[in-house]
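Everything on this sheet refers to the single structure shown next.
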Amino acid sequence: MASVNNRLNPKSSKNKSADGFTVKATMKNSKVKAPPTSGAFKERNSTPTKFRKFYERGDFPVSIEHDAKGNKIAWKVEIEKLDYHHYLPLFFEGLCEIQHPYDFLARQGIHDMLEHGGAKVLPVVPQLIIPIKNALNTRNRKVICTTLKALLHLVVSTDLVGEALVPYYRQILPILNAFKNNNLNIGDGIDYGQQKRENIGDLINDTLEELERRGGPDAFINIKYMVPTYESCVQN
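In my numbering, the protein residues as written are 809 to 1044.
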């Protein structure tokens, strides 16, 4: 009986939800739905990387050694004799990994190769852009922090790397712009992430400043184009 009355008397029917900017949304007794979230900060699932595949096949000249101080990489060949065009991009692909031992191997392998690479690093920079971009695009906080530290090390590893990165700002800076203000607000508490350099906002600011310092005369204007809220650390 109640359903019959509802059909005869539309005013008594319940409010119906409708999507915004539709004809239904303009009708009486319609309730407009809230807009969906953009998902700009939602983590993306990363597929298994070439780095993992190569390591499981035994194609990397590395192994993990365990001692009283923790884990470390043992290289089976001299790092200076490695083919950087082959190995360095593969280690950078491993930045997407979040499982042990792949994440540790990628992180430590990049550190060792950049420490001993010297002039061999600069020619490989164009091959590192896609792995860096893919790692940042995962939007995984831990992966972003690890990638930013690797990028900082890359910039200071040898001369002219900073300038060589300028043409690629459009590929690597959009995510930095999105997460630039992503700092923890914990009131009077202690942010232990700052001590470990795991605060994304601070790491992004440090990275942008280092890119500007070492990127030459065109660095600031290109950073500003991609990150409008960035203020120069050189001109001020």
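Note that the Cβ used here is the ideal one computed from N, Cα and C, for glycine as well.
Would you kindly work out how many angstroms separate the C-alpha atoms of ASN985 and ASN879, rounded to a whole number? 34 Å
On the CB-based measure, 16 or more other CB atoms within 10 Å of its CB, does LEU968 come out buried or exposed? exposed
Is the stretch 970-978 in contact with the stretch 917-925, if contact means three or more CB pairs nearer than 8 Å? no
Going along the chain, which residues of its own chain have a beta-carbon closer than 6 Å to the beta-carbon of GLN935, five neighbours each way excluded? PRO897
Residues near ASN989 by beta carbon distance below 7 Å, same chain, minus five either side: GLY1009
Which whole-angstrom value is the C-beta distance of LEU1016 and TYR1033, which I expect to be below 8 Å? Contact flag wrong, Cβ pair sits at about 12 Å.
Determine whether the beta carbon atoms of LEU944 and ILE983 lie at a separation below 9 Å. yes
Close beta carbons around PHE1057, own chain, < 7 Å, minus the five adjacent residues each side: Residue 1057 falls outside the range modelled here, since the chain spans only 809 to 1044, and no answer is possible.
Run the CB neighbour count on VAL963, radius 10 Å, all protein chains shown included, and call it buried at 16 or more, exposed below. buried
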